[in-house]
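Residue numbers (UniProt numbering), protein chains in the order written: chain A, 1 to 137; chain B, 1 to 137.
Each remark here refers to the structure printed beneath this line.
There are 2 protein chains.
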Amino acid sequence: MLTIGDLSKRTGVKVPTIRYYEQMGLISEPERSEGNQRRYSKTDLERLAFIRHGRDLGLTIDAIKELISLSQHPDRPCVGADRIAKEHLEDVRIKIAQLKRLEHELERIVSHCDGHSIEDCYVIRALSDHGLCEHEH
Amino acid sequence: MLTIGDLSKRTGVKVPTIRYYEQMGLISEPERSEGNQRRYSKTDLERLAFIRHGRDLGLTIDAIKELISLSQHPDRPCVGADRIAKEHLEDVRIKIAQLKRLEHELERIVSHCDGHSIEDCYVIRALSDHGLCEHEH
DNA sequence: TCCAATACCTCTAGTCTCTAGAGCAATATA
DNA sequence: TATATTGCTCTAGAGACTAGAGGTATTGGA
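If you want it as structure tokens, here you go:
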């Protein structure tokens with residue numbers, strides 16, 4: 001039996017976050033000690049590690065909830081889980097593309113800056129005038 | 001004189017968002033019509049376009065505030081503005097690198113999925129067992 | 001065994017950047 | 001003039017936590 005602090009240390013999920021996950025229905029309400037403190041089993045530890053891992057990969061709470069519910073029906077085909085992962089992959093790729101355009105734009109802006117007065121500052125001017133940008137964004 | 005709706009159409013910033021920016025002190029309180037409706041000048045339009053542009057580039061409200069206050073002292077050197085842009089560029093690069101690792105991980109997870117039962121689903125297994133990942137994350 | 005330190009409890013509110021809705025007033029158009 | 005559209009304020013909600021107040025349990029050392 002682990003205390004919430006133990007669980008936190010082992011998974012790297014902060015204590016208030018664990019309670020938050022419980023509230024959101026991601027983990028079930030654990031047993032309690034006589035003094036009303038949460039006591040966790042090894043199963044709870046695994047579940048939380050799963051959640052942590054999903055969050056690290058950028059999945060939303062809802063996506064993780066769905067995966068958990070899928071994983072509780074081991075007989076069904078796993079197309080659902082596959083779909084969630086694929087959709088997320090697509091989102092990640094779009095985000096990368098966006099950020100790359102942004103990187104480009106910022107590089108251009110920064111490289112034009114000569115460090116003199118604000119009046120001529122390319123950073124300020126570029127922000128004021130979209131026309132100075134290379135791409136739409 | 002522009003109404004808030006005109007301003008919204010011209011800048012692409014939604015009406016409630018404009019009011020929110022006013023509340024946050026990003027734009028000054030505009031004049032009002034006799035019936036208490038906001039009326040904006042061309043200067044307000046430029047300021048809002050500046051903010052919009054900054055937000056599109058991913059700058060925080062605070063960073064934009066700082067840039068605005070810098071731009072109001074045109075005699076000072078622009079190292080401040082330059083620093084803000086450079087720091088942000090660095091953040092963007094870090095984010096891109098993170099997302100790329102993630103993309104890689106997700107690709108691997110998805111490609112292993114055979115579409116059969118959950119029991120053998122690589123998506124679920126990968127989330128349950130960090131050891132199946134290639135990198136730390 | 002007692003005391004202090006630490007960890008835990010609940011509850012509320014705050015973070016950030018908006019977005020949505022209720023209920024009502026002003027303005028524009030036919 | 002009647003109606004449609006747009007505007008107003010205020011409050012609450014989104015997502016995923018985080019922080020703090022005020023109090024209780026548990027643990028380790030003297």
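Glycine included, each C-beta is placed from N, C-alpha and C at the ideal position.
Can you check whether the CB of residue 96(A) is closer than 9 Å to the CB of residue 85(B)? no
So for residue 67(B), helix, strand or coil by DSSP? helix
Reference residue 38(B), options 12(B), 19(B), 79(B), closest by Cα: 19(B)
For residue 62(A), decide whether its Cβ has a neighbour in chain B, counting only Cβ atoms nearer than 9 Å. no
When Cβ atoms are compared, which residues of the region 95 to 109 of chain B fall closer than 7 Å to chain A? Going along the region 95 to 109 of chain B in chain order, one finds 95, 96, 99, 100, 102, 103, 105, 106, 107, 109 with a Cβ nearer than 7 Å to chain A.
Output yes or no for whether 9 Å exceeds the beta carbon distance between residue 52(B) and residue 27(B). Result no, Cβ atoms of residue 52(B) and residue 27(B) do not sit closer than 9 Å.
Give the secondary structure of residue 106(A) by DSSP, where H, G and I count as helix, E and B as strand, and everything else as coil. helix
By the 10 Å Cβ neighbour count, where 16 or more other Cβ atoms means buried, how is residue 11(A) classified, buried or exposed? Buried.
By the criterion of Cβ-Cβ separation under 8 Å, what are the contact partners of residue 93(A) in chain B? 103
Proximal residues of chain B, C-beta to C-beta of residue 25(A) below 8 Å: Simply none; closest approach about 18 Å.
Which term fits residue 5(B), buried or exposed, when burial requires 16 or more other beta carbons within 10 angstroms of its beta carbon? exposed
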